[in-house]
Amino acid sequence: MKLLPAITLLLIGTAIGYFVSSALQSQPTKQTLIIEQEQIVDKVHKDQQPNVEIDQIAQAPKAIQKKLTATLVKAVENTSINAEKFKSLQEKNTQLEKQYKALTNSYRQSKQKVMMLARRLGDFDESKVTDDQLAALFPKEFAPLVSNFHGKTRDQIFDLHQQPEDQDWGFIMSNHLSDFITTHQYSNGVVLNSITCKNHYCEMLINEKEQPSWEIIFKEMTKQQWWKFTSTNSSSYDDKDGNAYIYYFMSAST
């Protein structure tokens, strides 16, 4: 009977030892599991971190593009404003050029009128040059034409023929006039008898065979850049055959 309690205690002790041993063996497994879970979670976080950086890198060009777009829009706006300003300035410049040309033409016309009036006033003065003296300087077909001039103009015509040859301005202007007349498309309708240019004065003797050849030539000639004459005097008549004889005396500004 005394052995029974001893056996019972032995069995209870064995059972307690078994359970304790089992508990000790199961605890490291749970810790290992927790550690592994933490490692997995940590790995997941580490794996996700580069993705965040990639997203930031992917978004960077968009931000740059947005800034560039804003810059371009501003540049276009500034360009549009500058273009409008340039157009406005260009229009103002065109208007000023037109006004300048109008004033220049008005000044030239006024100057010509003043010179014309001065010449007419000078024609009232008596000239010491006789008709015979003047006629002796020209072919007989043109002699009656020059006798129509009086006063100061007659003196200037006579003085032109007394001056020495002008190898500077006179030579250049004579070539301008001669070349334009002889090379014009209507040159077949006129005969250039002579051109004399000296000291800012010129005279031309023209025989027109076909009208209105000379009128067209002279009108176009006065539009040339080298045409600097401010005063023009002319006299003409037609012979019985319909030929027109024309005398021109011109003065240029000095």
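Okay, so the sequence shown: first residue is 1 according to the working numbering, each after it adds one. C-beta: ideal position from N, C-alpha, C; glycine also.
Check: Taking Cβ to Cβ, would you say valine 190 is nearer than 8 Å to isoleucine 206?
Finding: Walking along the sequence shown from the start, residue 190 turns up at place 190. Walking along the sequence shown from the start, residue 206 turns up at place 206. Closer than 8 Å, so yes.
Check: Skipping 5 residues on each side, what residues in its chain have a beta carbon closer than 6 Å to that of serine 174?
Finding: Here residue 174 corresponds to residue number 174 of the sequence shown, with the count starting at 1. Once the five neighbours on either side are set aside, the close Cβ partners of serine 174 are Ile195 and Cys197.
Next item on the list: Can you say whether serine 106 is buried or exposed, counting buried as having 16 or more other CB atoms within 10 angstroms of its CB?
Entry: By 1-based counting over the sequence shown, the position of residue 106 is 106. Around the CB of serine 106, fewer than 16 other CB atoms lie within 10 Å, so the residue is classed as exposed.
Check: Any idea what DSSP makes of leucine 134, helix, strand or coil?
Finding: As a working note, residue 134 is residue 134 in the sequence shown. In this structure, leucine 134 counts as helix in the three-state DSSP scheme.
Margin query: Taking its Cβ as the centre, do 16 or more other Cβ atoms sit within 10 Å of glutamine 156, making it buried, or is it exposed?
Written below: Reading the sequence shown from its first residue, position 156 is the one you call residue 156. Glutamine 156 comes out buried.
Notebook entry, point to check: Considering only residues of the same chain and omitting the five flanking positions on each side of glutamine 224, which have a CB-CB separation below 7 Å?
Noted result: Here residue 224 refers to the residue found at position 224 of the sequence shown. Only Phe180 meet the Cβ criterion.
Notebook entry, point to check: Between leucine 132 and valine 146, what straight-line distance do the alpha-carbon atoms span, to the nearest angstrom?
Noted result: Numbered from 1 along the sequence shown, position 132 holds the residue referred to as residue 132. Numbered from 1 along the sequence shown, position 146 holds the residue referred to as residue 146. The question names leucine, but residue 132 is aspartate in the sequence shown. The straight-line gap from Cα to Cα measures roughly 10 Å.
Notebook entry, point to check: Using CA coordinates, which residue listed in Thr94, Ala83 and Asn148 is at the minimum distance from threonine 130?
Noted result: Reading the sequence shown from its first residue, position 130 is the one you call residue 130. For the residues Thr94, Ala83 and Asn148, the minimum Cα distance to threonine 130 belongs to Asn148.
Item checked: Secondary structure of phenylalanine 149, DSSP reduced to three states -> Sequence index remark: in the sequence shown, residue 149 carries index 149 (1-based). Phenylalanine 149 falls in the coil class under three-state DSSP.
Next item on the list: Could you name the residues that DSSP lists as bridge partners for serine 236?
Entry: The residue labelled residue 236 in the question sits at position 236 within the sequence shown. DSSP, once it has assigned bridges, lists Ile246 as partnering serine 236.
Notebook entry, point to check: When DSSP labels each residue in this structure, what does serine 253 get in the three-state scheme?
Noted result: Here residue 253 refers to the residue found at position 253 when the sequence shown is read from its first residue. Reduced to three states, the DSSP call for serine 253 is coil.
Checklist line | Contained beta strand (DSSP E) runs [length at least 3] in the segment 141-216, N- to C-terminal order | finding: 190-198 and 201-208
Next item on the list: Quickly, what does DSSP pair phenylalanine 229 with across the bridge? List them, please.
Entry: What you label residue 229 is simply residue 229 of the sequence shown in a count that begins at 1. DSSP, once it has assigned bridges, lists Ala252 as partnering phenylalanine 229.
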